[in-house]
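Quick notes on the structure that follows.
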Amino acid sequence: MEMENENKEPGIIILVPDSNSTMAIKYINSDHHISVDVNIDVFSNDPAKLTLLAPFSYEKRKLILNNGPCQPQKIDMPNKRFPVHNSRSFQCSWYMKTMPDGSTTRREWLSYSCSKDKIFCIYCILIGNEKSMVWTSTGFSSWNKASERIVMHETSSNHIEVCLKIKLEDTCLPLLPSMLKARNEFVATNRMIVEAIIEIILYLARHSLAFRGHRESWSDNLRGNFKDLVCLLGKYHPILATYIVGHQEKNKNKYDFISWRRQNQILESLASYTRVVVLKQIKTAKFFSLTMDGTFDNSRKEQLAFVIRYLNEDSGEINERLINLKECNNTSSEQLFNIFEKICNENSLNWKDYLVGQSYDGASNMRGAYNGLQAIIRRSNTAAIFVWCYAHRLNLVLIDAVSSSVNAVDMFGIIETVHDFINSSKKRVALFELHQEKCYGNKQRKRQFKRVQTTRWRSHDLALNTVLDTFDALCDTLEELQKSECVSDRKGAHQAKCLKENLICDKFLLTAFIYKQLFEIVTPLSKMLQTVDIDLIGVIAVVDDKTRELKNARSDVHFLKLQEKVNLFKMSTSMDIEDFKPLPLNRSKRVLKRSAEETQDEVITDPLQNFKIQTFFVAYDTAIIQIKERFSEIAKGIYKDLSLFSRRRLEEISKNNDLLPKDAFDVFSDVYSKFIQKDDLKREYLQFSKSYFNFEQVKLLPLQLHKSKIEIDDDLSSSLTDEASESETEDSFENNDNKQVKEVPKLHKNGCSLSIVLKVLLISGLSSTFPMLTTALKIAVTLPVASTTPERTFSKLNIVKNKLRSTMAEGRLESLMILSCESDIKIETDQIINDFARKSVLLEKALLY
4 MEMENENKEP GIIILVPDSN STMAIKYINS DHHISVDVNI DVFSNDPAKL
54 TLLAPFSYEK RKLILNNGPC QPQKIDMPNK RFPVHNSRSF QCSWYMKTMP
104 DGSTTRREWL SYSCSKDKIF CIYCILIGNE KSMVWTSTGF SSWNKASERI
154 VMHETSSNHI EVCLKIKLED TCLPLLPSML KARNEFVATN RMIVEAIIEI
204 ILYLARHSLA FRGHRESWSD NLRGNFKDLV CLLGKYHPIL ATYIVGHQEK
254 NKNKYDFISW RRQNQILESL ASYTRVVVLK QIKTAKFFSL TMDGTFDNSR
304 KEQLAFVIRY LNEDSGEINE RLINLKECNN TSSEQLFNIF EKICNENSLN
354 WKDYLVGQSY DGASNMRGAY NGLQAIIRRS NTAAIFVWCY AHRLNLVLID
404 AVSSSVNAVD MFGIIETVHD FINSSKKRVA LFELHQEKCY GNKQRKRQFK
454 RVQTTRWRSH DLALNTVLDT FDALCDTLEE LQKSECVSDR KGAHQAKCLK
504 ENLICDKFLL TAFIYKQLFE IVTPLSKMLQ TVDIDLIGVI AVVDDKTREL
554 KNARSDVHFL KLQEKVNLFK MSTSMDIEDF KPLPLNRSKR VLKRSAEETQ
604 DEVITDPLQN FKIQTFFVAY DTAIIQIKER FSEIAKGIYK DLSLFSRRRL
654 EEISKNNDLL PKDAFDVFSD VYSKFIQKDD LKREYLQFSK SYFNFEQVKL
704 LPLQLHKSKI EIDDDLSSSL TDEASESETE DSFENNDNKQ VKEVPKLHKN
754 GCSLSIVLKV LLISGLSSTF PMLTTALKIA VTLPVASTTP ERTFSKLNIV
804 KNKLRSTMAE GRLESLMILS CESDIKIETD QIINDFARKS VLLEKALLY
């Protein structure tokens, strides 16, 4: 680019375009010495073919026009005269124009360049509307034709159009700031209205409440939750109140922010923002696991919940998030895989590289070894190991345990019959509640009978405890029903009599207390398996602990204690002990001795001994055997390698002088060979085991005093002893009044030590020192344990899409489900408004500055 001379001269100076196809225009006023440099994009480097592309903004045009054109006089020029070429030079008289009436006026568009000795049209340069380049870029210097050409240019249609634009803009200049201010106030008001509406929608969605009412006219008293909340908030929100008044009057408000279509658009923006936050966390964590499950909704459509499990790098916690809910008409494994692949593509999830685990229930289309969904996924990603949901497995264990003997089947059958008998009549329900008030007063809340055969994990436990907790009230209710309905309803009276006789017998009570004690051992495991932050190490530790408890409870000593509990229970009731029917004395069946038989089976004549063998031992034996069978793989394969990360094994390795098993991490490093090198992992593991407990002790005290970005739970100190020895556990059962018993060590809320090890590693800043170990621990905590999060999602689904909302569209249902299930994610309202504004051109005008 050519450079101008160092002596700054007044005028518009147009420099020749350089290789970057830009042209610099410098304006220097002789009075104020103000300079403005502007780059103008052009189409060509040829000065004769340059075309300007509106180079000046409103502010730059205003600055140049306020300072006026460059019109120097002779006295301002060097040597007191204009340059002469061919005996001709520029004349100052050309600055003026003679009007038809003889008066003169200044040509405000004409500007002289001292360096170029040429004249330009400043108006055409500013607007860039001149087709001829003479008056804009090359300049005019044919002084012999100047008078004629100047008149021709100022009377041309293009120049007149430019002058009109300049003058119109100058006339409107005082109005523009006020118009801009009014525009900003208008947008700010609309954004405040939409912000209030977003808060209402968030409230309804997170509480799973209905939006619309049966009638939503402004003249109705009840207009649905959404409109009524808008009116309620409008009482304390003046801007929203003004909008509502204008909206009620037709043609008052051009912009409608509360229609069902706008509701759906805001819901879509909120769900999209929530999903983006979750996906950002997943991509930061890299490793993730999949949990999928399906169910029928109230409109008899199959809904498929897509849940992702990952490690939140910011908090150090395990999250399981619902990111999609899709309708699925075909639940074959191939169709499920197509939906899975489509969802991963839509959300940019690299499942072929970073999917490390998958967990489903026992359905064949999910867990099939050859054609199930897990098998199809593993063909493309062998690292996505399958975990059959441990909560479903435990439920199968309990089902087998409660069906293990005739007495157990009879006892739960009686409980189910009591439920049906009492709840089949409003009179009986009211009578049962009345007797509860008489027996217990305000000591306990009123209870309702629970069904035994339901899909709830604890249905047997809840039903049994309800009967035992309301035993007196139930017996009194049945007795009164037996007397009052003997004439009006003889069948009901007879049924009440039979039920009471079945309840007040030792066989029922002994069986009930056997399973009550069994549930007290197993139910905490069931609850723990349903938590989000449980990991495979936690399963191993807790299953082993509960198996030991079951074995210890299966003894003659505990059966005697069980008898004592039953006797105390009978004494605490309002009935006499003599009223309870003792165990029946069954007649011994004579079995003929066959040939070659030297001995004969011993006949058990004691009914209590027979009950212990046939019911008590059978119940516990069934539970123990089923747990071993259904949880057998946790002691081998990749589970064996994961157990090395537990605190107990870390302590053993550190004390045994680096003695690792020969096959340590063989399976784990083979499955995750893309991320793990076995030799490096072993080396880092041995080094880390030596110093882990030092870091754990150092980091524990500060976290009890101050909160950290990655917090260890309040009960961390108690969870550190979750792997107690078997002898301590056995001692805890030897309970008596004269001996202080050592309590069972309190388990961590997820019963594991794996997440604690990872937290200590991250808090201590050792992730860069042990990168391979950190990666292995992140994969380990990401591996799924149970598919209970989709089950909780379906509980929300029954509330969101109930029988009164069964016609809800799929898009709206998915958005509501995501907002309801992931209510802990913070929403940035401004981003939601901006995204909502881009839904239409009309909304952009109303909501974007």
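Numbered by the working numbering, the letters in the sequence shown go through residues 4 to 852 in order.
Heads up, the beta-carbon is just placed ideally off N, CA and C, and yes, glycines get one too.
Have a look at residue i and residue j and give me their C-alpha separation to the nearest angstrom.
i	j	result
VAL670	LEU611	51 Å
THR618	ASN267	58 Å
LEU270	HIS240	22 Å
LEU512	PRO587	14 Å
LYS453	LYS848	57 Å
THR514	GLN439	24 Å
THR534	GLN690	32 Å
ILE713	ILE766	The predicted position of ILE713 is uncertain, since its pLDDT is 38 and thus under 50; no value can be drawn from it.
LEU477	LYS781	53 Å
ASN353	ILE379	16 Å
LEU66	ASP259	41 Å
GLY249	LYS257	9 Å
GLN629	TYR518	16 Å
GLN76	VAL87	15 Å
Please name the residue, chosen from the options, that lies closest to residue i on a Cα-to-Cα basis.
i	options	result
GLU164	TRP112, ILE200 and TYR206	TRP112
PHE620	LEU553, GLY640 and THR334	LEU553
MET155	LEU171, ILE169, THR141 and VAL137	VAL137
ASP300	ASN322, THR287 and LEU328	LEU328
GLU323	GLN284, ASP79 and GLY416	GLN284
GLU581	GLN520, LEU376 and GLU504	GLU504
CYS331	LYS345, ILE321 and GLU320	LYS345
ARG312	LEU819, ALA499, SER790 and SER818	SER790
ARG278	ILE247, ILE326, LEU236 and ARG264	ILE326
GLN251	ILE507, ASP223, TYR276 and GLU632	ASP223
SER408	MET775, ALA626 and ARG808	ALA626
CYS124	GLN94, ASN82 and GLN74	GLN74
ASN697	LEU769, CYS117 and LEU819	LEU769
Please list the terminal residues of the continuous beta strand (DSSP E) segment that includes residue i.
i	result
ALA308	305-314
GLY365	Counting along the chain, GLY365 falls outside any beta strand (DSSP E), and DSSP gives it neither H nor E.
SER292	291-299
TYR126	Taken as a continuous stretch (DSSP letters only), TYR126 belongs to no beta strand (DSSP E), being part of the alpha helix (DSSP H) at 125-130.
LEU850	It is not in any beta strand (DSSP E) - LEU850 instead sits in the alpha helix (DSSP H) that spans 844-850.
MET99	99-101
Are the beta-carbon atoms belonging to residue i and residue j less than 7 Å from one another?
i	j	result
LEU850	ARG194	yes
CYS166	TYR206	no
ILE242	ILE835	no
PRO787	SER362	yes
ALA840	ILE679	no
PHE572	LYS615	no
LEU757	TYR695	no
SER649	LYS693	no
ARG1	ASN161	Nothing in the structure corresponds to residue 1, since the chain is present only between 4 and 852.
SER646	ILE537	no
GLY319	LYS665	no
THR792	VAL310	yes
HIS395	GLY365	yes
ARG226	GLY216	yes
PHE415	ILE425	no
Alpha helix (DSSP H) containing residue i: first to last residue?
i	result
LEU471	462-472
GLY416	409-426
LYS283	263-288
GLU373	Here the sequence assigns Tyr to residue 373, which means Glu is not the residue at that position. First-last for TYR373: undefined, no H or E at that position.
PHE797	791-803
VAL432	429-443
MET155	149-157
ARG493	493-506
Sorry if obvious, but does the Cβ on residue i come closer than 6 Å to a heavy atom of the ligand NAP?
i	result
LYS503	As presented, the structure is devoid of all ligands, the ligand NAP included, so that no description of it is given.
Original post:
Whole beta strand (DSSP E) runs in the region 219-260 with 3 or more residues, listed along the chain?
Top reply: none
**OP:** List in chain order: all unbroken alpha helix (DSSP H) runs of 4+ residues lying wholly within the region 550-628.
**Re:** 559-575 and 610-614
**OP:** Enumerate, from N- to C-terminal direction, the unbroken alpha helix (DSSP H) stretches of 4 or more residues contained entirely within the region 308-353.
**Re:** 336-349
Subject >> Uninterrupted alpha helix (DSSP H) stretches inside the region 800-838 (no shorter than 4 residues) >> reply: 813-824
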